[in-house]
Amino acid sequence: MRIKEIEARLAAIKQEIEQRGDAMTAAEIDALEQETTQLTEERAGLIAAAEKRNGILDNIAKGAGIVSRSFQQNNGDGNAAPDDPFGTPEYRSAWLKNIRRLPLNDAEKRAFSNASGAGAEVIPTQTANEIISKVKTLAPMLNEVTLLHVKGAVKFAIEGTNNAAAIHTENASITAAADTLTTVSLSGYEIVKLVQISDTVMTMSITAFESWIVNMLAEAIARKVEDLLINGTGTSQPKGINVANTWGETNSVTVAKTGALTAANVQTLIGLLPSGYDRNGKFVMNKKTLFTDFMPLQDNSKNHIVTVQNNAYFVYGYPVLLSDYVADHEAFLGDFKKVCANLAENIGVKSAYDIDTNSYKYSGIAIFDCAPAIGEAIVKLVKATA
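In the working numbering, the protein residues as written are 51 to 436.
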């Protein structure tokens, strides 16, 4: 075998250098150095080839195929079709022109035609990502819940009761723990925002128009999504955290109508949240409640219960989320990952020309649903009304 021959020759070279040492001439040393380099390079190549052969044999033994050549889908005009036809610059430009009824160039026409004939119904990938990113920025609660992107109705299983592990007596029968899964069924409700702009939209650049429509639609949809995440009734609309439980002494703290919030109230509220949800526990309240009710509070050591770090607020170490859709003087504390939400499809945009006003109407449409999966993961600070 060639590798054995190489190893034997390298060993002989090593022995010759060790035995002759200083007696070797410069020419002899150069010759041995050159031979050693050639032999080691040849050995490395042989080892790499052997490893590659072994890898192929291993894949065959495991039933895996070997890719000899891959081919990209061809769209029939001699050009390779991209994996995402809605992600090309040409399709983006074509879509943004089309919803303004502007003429397309040849490249844009091809891109628009190649995108499965879906036309203006399919928003470009880049624009869709910008809208979703903007929505999550404007509706921070979306980043806290378990958010899915599944078309149509979906059933989502989430961990319910999780019993502790038990000590097992050797050779004794093992009894399965009574752990449970909670199933949340989500459908879809349309959230629609209609905006209208004059015919001057025709003069806007593609980038300026995209920025305008992303900001207008994302802001409106984000506000409604966050409102539903908190205040949705669950009747003909998504179910929000405000109806996660029937609020009572075991899951809420009530402050009298004429009373003021105390540090003891906050401590009691924290004590009501089961420790299993503590790791992801966060407060959510509006800005007025934070600054007028929580900020003045101190504990028995005269330390403020609210701390600020890099413009982020914490109550007894729990992060605070701010939302205008929580009622004044009220707050929630919980693991909001136990709330399931679904955006059934990318936010879509439809357009129409209004001849009566010489303007264009753009409608942003989102299909959304949400529901708390485990009510005990959320507790509430309530302000009495009577």
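Backbone N, C-alpha and C define an ideal beta-carbon position, used for all residues, glycine too.
For residue i, the nearest candidate out of the options (CA to CA)
i, options, result
"residue 306", "386, 103, 274 and 380", "380"
"residue 336", "301, 370, 376 and 284", "376"
"residue 269", "187, 147, 348 and 312", "187"
"residue 285", "238, 329, 265 and 330", "238"
"residue 411", "403, 397 and 215", "403"
"residue 200", "400, 374, 394 and 283", "394"
"residue 57", "82, 93, 327 and 225", "93"
"residue 398", "387, 264 and 223", "264"
"residue 309", "282, 320 and 343", "343"
"residue 330", "428, 52 and 163", "428"
Contacts around residue i, its chain only, beta-carbon distance under 6 Å, and the 5 residues preceding and following it disregarded
i, result
"residue 279", "191, 290 and 420"
"residue 161", "138, 140, 141 and 144"
"residue 272", "185, 188 and 189"
"residue 157", "140"
"residue 66", "none"
Which residues DSSP lists as bridging residue i, in chain order
i, result
"residue 369", "364"
"residue 422", "389"
"residue 414", "243 and 399"
"residue 382", "334 and 430"
"residue 357", "364"
"residue 348", "354"
"residue 223", "Note: residue 223 sits in no beta bridge, so no partner."
"residue 409", "248 and 404"
Close beta carbons around residue i, own chain, < 8 Å, minus the five adjacent residues each side
i, result
"residue 86", "60 and 63"
"residue 315", "303, 305 and 431"
"residue 364", "356, 357, 358 and 370"
"residue 176", "137 and 142"
"residue 249", "408, 409 and 410"
"residue 118", "In this prediction, residue 118 has a pLDDT of 44, which is less than 50 and means its spatial position is unreliable; what the coordinates show is noted afterwards. Excluding sequence neighbours, residue 118 sits near nothing in its chain."
Continuous beta strand (DSSP E) stretch holding residue i: start and end
i, result
"residue 402", "398-404"
"residue 30", "An answer regarding residue 30 cannot be provided, because it is not within the stretch 51 to 436 covered by the chain."
"residue 172", "That residue, residue 172, is in no beta strand (DSSP E); it is neither H nor E in DSSP."
Extent of the continuous alpha helix (DSSP H) to which residue i belongs
i, result
"residue 197", "That residue, residue 197, is in no alpha helix (DSSP H); its beta strand (DSSP E) goes 196-198."
"residue 177", "175-188"
"residue 321", "313-322"
"residue 67", "52-70"
"residue 431", "First-last for residue 431: 428-433, but that is the beta strand (DSSP E), not the alpha helix (DSSP H)."
"residue 201", "Premise fails: residue 201 is in no alpha helix (DSSP H) and is neither H nor E."
"residue 139", "139-148"
"residue 157", "156-164"
Close Cβ partners of residue i (< 7 Å) along its chain, the five nearest in sequence each way excluded
i, result
"residue 251", "150, 259 and 410"
"residue 91", "none"
Checklist entry - What are the uninterrupted segments assigned as alpha helix (DSSP H) that are 4 or more residues long and contained completely in the segment 239-307, given in chain order? => result 256-281
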